[in-house]
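**Student:** Numbering (this note's numbering), first residue to last: 174 to 473. Even for Gly, the Cβ is constructed at its ideal location relative to N, Cα and C. Sharing a structure here in structure tokens format.
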């Protein structure tokens, strides 16, 4: 192709194609080599902690397995033990328990581009081992602990490429932590202020919201699954998120006993599921002293 001050073009089609291919290769190969060498993941990941929280991200070398995994630890006197752990990007979370060895309680989030993130040594998980759920960026999936092969509370975190290889220079909240580095990272995860869960995430695949009722500090939802005839009720908090407080959800098919889930919860009560095909249902929930109880409705 011509360059400035040189109007000469290749004389044959073959030479033109050759020049074009060489030019493209020169432009693209450095970028491809850079991406392959750094193991950069396509998704943008946030810190796995609450908005505004700062912790150290340690990419130990050479005595950390697997190489490239991050150990998140205390920073500036802030104790990491018991901290809420959040998904760094959206996907499907799978919950596991390796017992007293290896990861201990751990979660793997599989993302839409084939990449995965892992969160290990958890004290608690949002679902029991063997369970799964869809998560958004910022959805709470557990709390920091010291289960498995851990000698102090911390969060073991991995970013894996679509081939399964661990990214040895992971980036979270715009901060790249390469092998041998230790950096303080401040989270911008879940800074929108809303509950990271949705009613459909809590109830599971196939459920659709058909009704809801406002509460002071939350909202109760009624969902239905046309595939199996089940209703599901969940109460989501909108205030004091992450701080356990009195929350409940209940469901009562007409002519049958009521099922209630109540306790001191950080984000939601439920899911309460009942087979109610062809029946009217009474449903509702509470947050603190605010409660809602429906009449028997949504029959059929």
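Since residue 221 contacts residue 312 with CB under 8 Å, what's their CB separation in whole angstroms?
**Tutor:** For the purposes of this step, residue 221 is taken as residue 48 along the chain shown, with counting starting at 1. For the purposes of this step, residue 312 is taken as residue 139 along the chain shown, with counting starting at 1. Between residue 312 and residue 221 the Cβ distance is about 11 Å, and since that is not below 8 Å, they are no contact.
**Student:** Determine the contact status of residue 352 and residue 341, defining contact as a CB-CB distance below 8 Å.
**Tutor:** Reading the chain shown from its first residue, position 179 is the one you call residue 352. Reading the chain shown from its first residue, position 168 is the one you call residue 341. Yes; because the gap between Cβ atoms is below 8 Å, this pair is in contact.
**Student:** Does DSSP classify residue 444 as helix, strand or coil?
**Tutor:** Counting from 1 along the chain shown, the entry for residue 444 is found at position 271. Correct three-state label for residue 444: strand.
**Student:** Is it the case that the Cβ atoms of residue 411 and residue 390 are separated by a distance below 8 Å?
**Tutor:** Your numbering for residue 411 matches position 238 in the chain shown. Your numbering for residue 390 matches position 217 in the chain shown. In contact: residue 411 and residue 390 (Cβ atoms closer than 8 Å).
**Student:** To which residues does DSSP link residue 265 through a beta bridge?
**Tutor:** Working through the chain shown from its first residue, we reach residue 265 at position 92. For residue 265, which the question treats as bridged, DSSP gives the partners 283, 307.
**Student:** By DSSP, does residue 256 sit in helix, in strand, or in coil?
**Tutor:** Within the chain shown, numbered from 1, the residue matching residue 256 stands at position 83. The answer is coil: DSSP assigns residue 256 none of H, G, I, E or B.
**Student:** State the DSSP-derived secondary structure class of residue 429, mapped to helix, strand or coil.
**Tutor:** To locate residue 429, count along the chain shown from 1; it is residue 256. Looking at residue 429 - three-state DSSP - the assignment turns out to be coil, as it is neither helix nor strand.
**Student:** Could you tell me which whole alpha helix (DSSP H) segments of length 4 or greater appear in the region 212-250?
**Tutor:** The qualifying runs do not exist here; there are none.
**Student:** Can you tell which of 288, 257, 364, 416 has its C-alpha closest to the C-alpha of residue 294?
**Tutor:** The residue labelled residue 294 in the question sits at position 121 within the chain shown. The residue with the shortest Cα to Cα distance from residue 294 is 257.
**Student:** In the DSSP assignment, the alpha helix (DSSP H) including residue 376 goes from what residue to what residue?
**Tutor:** Start at 1 with the first residue of the chain shown, and residue 376 comes out as number 203. Counting along the chain, the alpha helix (DSSP H) containing residue 376 begins and ends at 372-376.
**Student:** I'd like the list of long-range same chain contacts for residue 468, defined as Cβ closer than 8 Å, with 5 residues on each side in sequence excluded.
**Tutor:** Working through the chain shown from its first residue, we reach residue 468 at position 295. Result list for residue 468: 455, in chain order.
**Student:** Quick check: the region 375-391 against the region 432-451, are at least 3 beta-carbon pairs closer than 8 Å?
**Tutor:** Yes: the two stretches touch, three or more of their Cβ pairs being nearer than 8 Å.
**Student:** Quick one: Cα of residue 244 to Cα of residue 360, how far?
**Tutor:** Counted from its first residue, the chain shown places residue 244 at position 71. Counted from its first residue, the chain shown places residue 360 at position 187. Whole-angstrom Cα-Cα distance: 15 Å.
**Student:** If residue 406 sits next to residue 424, beta carbons under 8 Å apart, how far is it from one beta carbon to the other, in whole angstroms?
**Tutor:** If you number the chain shown from 1, residue 406 lands on position 233. If you number the chain shown from 1, residue 424 lands on position 251. Contact flag correct, Cβ pair sits at about 5 Å.
**Student:** Can you tell me which of the three DSSP states residue 399 falls into?
**Tutor:** Here the question's residue 399 lines up with position 226 in the chain shown. Coil, per DSSP.
**Student:** Under 8 Å by Cβ, that's how I've got residue 296 and residue 317 pegged, so tell me the actual separation to the nearest angstrom.
**Tutor:** Here residue 296 refers to the residue found at position 123 when the chain shown is read from its first residue. Here residue 317 refers to the residue found at position 144 when the chain shown is read from its first residue. That pair is a contact at about 6 Å.
**Student:** In the structure shown, what three-state DSSP assignment does residue 380 receive?
**Tutor:** For the purposes of this step, residue 380 is identified with residue 207 of the chain shown, where counting begins at 1. Three-state result, residue 380: coil.
**Student:** According to DSSP, is residue 404 part of a helix, a strand, or is it coil?
**Tutor:** Indexing the chain shown from 1 puts residue 404 at position 231. The answer is strand: DSSP assigns residue 404 an E or B state.
**Student:** CB residue 418 to CB residue 437, shorter than 8 Å?
**Tutor:** As a working mapping, residue 418 is identified with position 245 in the chain shown. As a working mapping, residue 437 is identified with position 264 in the chain shown. Result yes, Cβ atoms of residue 418 and residue 437 sit closer than 8 Å.
**Student:** Given a cut-off of 8 Å, decide if residue 399 and residue 408 are closer than it, judged by their beta-carbon atoms.
**Tutor:** Numbered from its first residue, the chain shown carries residue 408 at position 235. Numbered from its first residue, the chain shown carries residue 399 at position 226. Going by C-beta atoms, residue 408 is not nearer than 8 Å to residue 399.
**Student:** Can you have a look at residue 288 and say buried or exposed, based on whether 16 or more other CB atoms are within 10 angstroms of its CB?
**Tutor:** For the purposes of this step, residue 288 is identified with residue 115 of the chain shown, where counting begins at 1. Buried, by the Cβ-count rule.
**Student:** Which same chain residues, not among the five before or five after residue 447, have their C-beta less than 7 Å away from its C-beta?
**Tutor:** For the purposes of this step, residue 447 is taken as the residue at position 274 of the chain shown. Hits under 7 Å: 403, 404, 424, 426, 432.
**Student:** Kindly indicate the opening and closing residues of the beta strand (DSSP E) around residue 460.
**Tutor:** What you label residue 460 is simply residue 287 of the chain shown in a count that begins at 1. First-last of the beta strand (DSSP E) with residue 460: 454-460.
**Student:** When the Cα atoms are used, what is the spatial distance from residue 465 to residue 384?
**Tutor:** Reading the chain shown from its first residue, position 292 is the one you call residue 465. Reading the chain shown from its first residue, position 211 is the one you call residue 384. Their backbone Cα atoms lie some 12 Å apart in a straight line.
**Student:** Since residue 292 and residue 280 should fall inside the 8 Å C-beta cutoff, what is the C-beta to C-beta distance between them, to a whole number of angstroms?
**Tutor:** Here residue 292 is taken as the residue at index 119 of the chain shown, counted from 1. Here residue 280 is taken as the residue at index 107 of the chain shown, counted from 1. About 5 Å; that satisfies the 8 Å criterion.
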